[in-house]
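**Q** My questions all concern the structure below.
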Amino acid sequence: MIESRWKKGQLIGTCTLIGCLPFVSCVSLATGQDPQMDACALAYVKALEEGRVEQMRTSRVMLGYGVDPDSPDVEGAELFFTSDEGRNWVEVILSNPRANPIPFDAPDDGLYGFVFVLHGATGSMPRPKPGTEPHRWVMVDRAAPHIVTRNFMPPEPGSTSRDVRIGWLVTDVNNNMGQRPVAISYRTESESLASTRSIARSLEASGEHVWTIPMNVNGEIVLRIEAEDRAGNRDYVETRAFAVASPIKSPTTVRVNQTVSLASSLGDKESHALANAPVRLASDTGKSQPDVVVSAFALLNESSPDEIVVEKEAAERAKKEYDLGTWHRLRGEYEIAIRRYRDALEVHSGFNQARNDLAGTLLAIGRIDEATREYERILEMDDRYAPALEGLSLVQIKKRLYRSAHATLERLLRERPNDPEAWLHFGDVCMFMGDRRGAREAWHTAAECERAVASLKSRAKRRLAIYQRDSLGAAD
């Protein structure tokens, strides 16, 4: 039910929407149009950004109002609606003018604005006229998005390539799509529909994606493209099944306990400097890597507990390029570092540590879309890789994709339940989405975490102090 309140001749909204997504849009306004009409259309955009557009998947809407104790008694009500952003208003014929709430049956899907006109012993509220801003916006949306796949290019039969290209176009009859409504997943043909695993999320309504199939995924594969609109209507399409060749393994093996030291790839002077420098990812927020000697196990894409089949020479070559990239990054030579990291990945595409540092470096210099793609590629190969989950969540927060960031941080906290920084960011995202209670609980967890440094505890407590003083926040 949508509720409003009458006080001293004004209608005041009291409905709080929790968990609504931010929205970035523009409204096309013809030149020379009535400024009042422009204001009404822009008021809709503002309401959408602030989460004040009620999303309904049913044609019946219950519209209620309340009256404060110091307001005059309501002797009757009228209800008006617009379906063209305030240009024209239509009166709803009420069988009972005293009814509260008032039922409204939408004649069709689409955007509706509502204005109450309440009557009392001391007077009446004004009736709406062209350009009047509605008291309530409601989107009636019962139609799922329509998805079309384009440019689907699986690996050629017999090819050793593991890259799959797929494009899509998503449209919505009610023009009610969110900012990034598309997700891609996969399953093997023998698995059920419920067994799909994520490839990428929060993609635009029209686009293309290249997925590198993980080495441990083989056989007949099916891709799924799914889209969801703001009202929660969703649909998906699946590609035809395609086969991917099993990887050819080299007979050379590297034991997990073997290590590659920096001294083997850098000169003595550079090795000493790097070994004594704090190794930080550009996307990190104060966490350093525990050491500078990396196990060969960390370089590999597969995860046998005893031994890993890999080209030993390639692993050493990739490690050398990675160490050089880190050396340049620590000196602020980011473009050189990016080239070195990419060279390491050319040799070994499953070197997640190198790809994660590449993504962090790209993020540090503002190349956000490239950083996003690198984080997503890591998670395609290992959906539990915590550093990539952390980096991706920071990218999503930076791009104001709060719903996506919320989901990514939930995944990160499953891997790192005692990570105070993740809890702090999770609280911020909850607040951006309107979930004040969830935000306070997350900030409290961050402040109480034993691993939290003093500065982080201070940030969390400052947020709690601000929103504990907020009467709206304290009441929910």
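Take the sequence shown: its letters are residues 23 to 498, numbered as in our numbering. C-beta: ideal position from N, C-alpha, C; glycine also.
Could you check whether the region 135-155 touches the region 163-179, counting it as contact only if at least three pairs of C-beta atoms, one from each stretch, sit closer than 8 Å?
**A** No: the two stretches stay apart, fewer than three of their Cβ pairs being nearer than 8 Å.
**Q** Tell me the start and end of each unbroken beta strand (DSSP E) in the region 153-185 that is at least 3 residues and wholly inside, in chain order.
**A** Taking only runs of at least 3 residues, the beta strand (DSSP E) segments lying wholly in the region 153-185 are 158-162 and 168-175.
**Q** Using 8 Å as the threshold, is the region 186-201 in touch with the region 225-236, meaning 3 or more CB pairs across them?
**A** The region 186-201 vs the region 225-236: in contact.
**Q** Helix or strand or just coil, what does DSSP make of residue 120?
**A** Residue 120: coil per DSSP, three-state reduction.
**Q** Is the number of C-beta pairs between the region 332-348 and the region 363-370 that are closer than 8 Å three or more?
**A** Output reads yes: the region 363-370 touches the region 332-348.
**Q** Label residue 467 either buried or exposed according to how many other C-beta atoms from any shown protein chain fall within 10 Å of its C-beta, with 16 as the threshold for buried.
**A** Looking at its Cβ environment, which holds 16 or more other Cβ atoms inside 10 Å, residue 467 is buried.
**Q** Near residue 343, what residues of its chain come up, given a Cβ to Cβ distance below 6 Å and the 5 sequence neighbours on each side ignored?
**A** Cβ within range, chain order: 362, 365 and 366.
**Q** By how many angstroms is the C-alpha of residue 125 removed from the C-alpha of residue 266?
**A** Looking at the two C-alpha atoms, the distance is approximately 56 Å.
**Q** What residue does the alpha helix (DSSP H) around residue 442 start on, and which one ends it?
**A** Residues 442-454.
**Q** Let me confirm a value: residue 104 is counted as buried when at least 16 other C-beta atoms fall within 10 Å, else exposed. Which label applies?
**A** Buried, since its Cβ has 16 or more Cβ neighbours within 10 Å.
**Q** Mind checking whether residue 379 and residue 347 have CB atoms under 8 Å apart?
**A** In this structure, residue 347 lies closer than 8 Å to residue 379 by Cβ.
**Q** Out of curiosity, what's the CA-to-CA distance linking residue 208 and residue 157?
**A** Residue 208 and residue 157: Cα-Cα distance of roughly 44 Å.
**Q** Using a Cβ distance threshold of 8 Å, determine whether the region 432-441 contacts the region 392-408, with at least three qualifying pairs required.
**A** Short answer: they touch.
**Q** Is it the case that the Cβ atoms of residue 234 and residue 184 are separated by a distance below 8 Å?
**A** Their beta carbons are under 8 Å apart, which means residue 234 touches residue 184 by this criterion.
**Q** Between which residues of its own chain and residue 127 is the CB-CB distance below 7 Å, once the five residues before and five after are set aside?
**A** Excluding sequence neighbours, residue 127 sits near 81 and 82.
**Q** Going by CA-CA distance only, name the one from 219, 472, 166 and 245 that's closest to residue 254.
**A** For the residues 219, 472, 166 and 245, the minimum Cα distance to residue 254 belongs to 166.
**Q** Does the beta-carbon of residue 179 have 16 or more other beta-carbons within 10 angstroms, so that it is buried, or is it exposed?
**A** With fewer than 16 Cβ atoms within 10 Å of its Cβ, residue 179 is classed as exposed.
**Q** Going by C-alpha to C-alpha distance, which of 256, 474, 116 and 417 sits closest to residue 391?
**A** The candidate whose alpha carbon is nearest that of residue 391 is 417.
**Q** Please name the residue or residues paired with residue 231 in a DSSP beta bridge.
**A** According to DSSP, residue 231 bridges with 188.
**Q** Please classify residue 78: is it buried, with 16 or more other beta-carbons within 10 angstroms of its beta-carbon, or exposed?
**A** Burial call: buried.
**Q** Give me the DSSP bridge partner(s) of residue 246.
**A** BP columns for residue 246 point to 207 and 260.
**Q** List in chain order: all unbroken alpha helix (DSSP H) runs of 4+ residues lying wholly within the region 330-392.
**A** Taking only runs of at least 4 residues, the alpha helix (DSSP H) segments lying wholly in the region 330-392 are 334-352, 356-369 and 374-386.
**Q** When burial is assigned at 16 or more other CB atoms within 10 Å of the CB, is residue 476 buried or exposed?
**A** Flag for residue 476 reads exposed.
**Q** Which same chain residues, not among the five before or five after residue 232, have their C-beta less than 6 Å away from its C-beta?
**A** 185 and 187, listed in sequence order.
**Q** If we count the other Cβ atoms within 10 Å of its Cβ and call it buried at 16 or more, is residue 182 buried or exposed?
**A** With fewer than 16 other Cβ atoms within 10 Å, it is exposed.
**Q** Would you tell me roughly how many angstroms separate the C-alpha atoms of residue 155 and residue 129, rounded to the nearest one?
**A** Residue 155 and residue 129: Cα-Cα distance of roughly 21 Å.
**Q** Quick one: give me the first and last residue of the alpha helix (DSSP H) that residue 432 is part of.
**A** Taken as a continuous stretch (DSSP letters only), the alpha helix (DSSP H) holding residue 432 covers 424-437.
**Q** Rounded to the nearest angstrom, what separates residue 462 and residue 469 at their Cα positions?
**A** Their Cα atoms are separated by approximately 10 Å.
**Q** For residue 457, which option in 120, 483 and 425 has the closest C-alpha, if you only look at C-alpha atoms?
**A** Per the Cα distances, 425.
**Q** Please state if the CB of residue 206 and the CB of residue 221 are separated by a distance shorter than 8 Å.
**A** In this structure, residue 206 lies closer than 8 Å to residue 221 by Cβ.
**Q** If you count every other CB in all the chains shown that lies within 10 Å of the CB of residue 118, and 16 or more means buried, which is it?
**A** With fewer than 16 other Cβ atoms within 10 Å, it is exposed.
**Q** Could you tell me the distance, in whole angstroms, from the CA atom of residue 10 to the CA atom of residue 263?
**A** For the chain, the structure presents residues 23 to 498; residue 10 sits outside this window and is missing.
**Q** Determine the contact status of residue 414 and residue 398, defining contact as a CB-CB distance below 8 Å.
**A** Yes; because the gap between Cβ atoms is below 8 Å, this pair is in contact.
**Q** I think residue 108 touches residue 135, with their Cβ atoms under 8 Å apart; what is that distance to the nearest whole Å?
**A** So it is a contact: roughly 6 Å between Cβ atoms.
**Q** Taking just the CA atoms, how far does residue 440 sit from residue 374?
**A** In a straight line, the C-alpha of residue 374 is about 23 Å away from that of residue 440.
**Q** Under a Cβ-count criterion, where at least 16 other Cβ atoms within 10 Å of its own Cβ denotes burial, should residue 72 be classed as buried or exposed?
**A** Exposed, since its Cβ has fewer than 16 Cβ neighbours within 10 Å.
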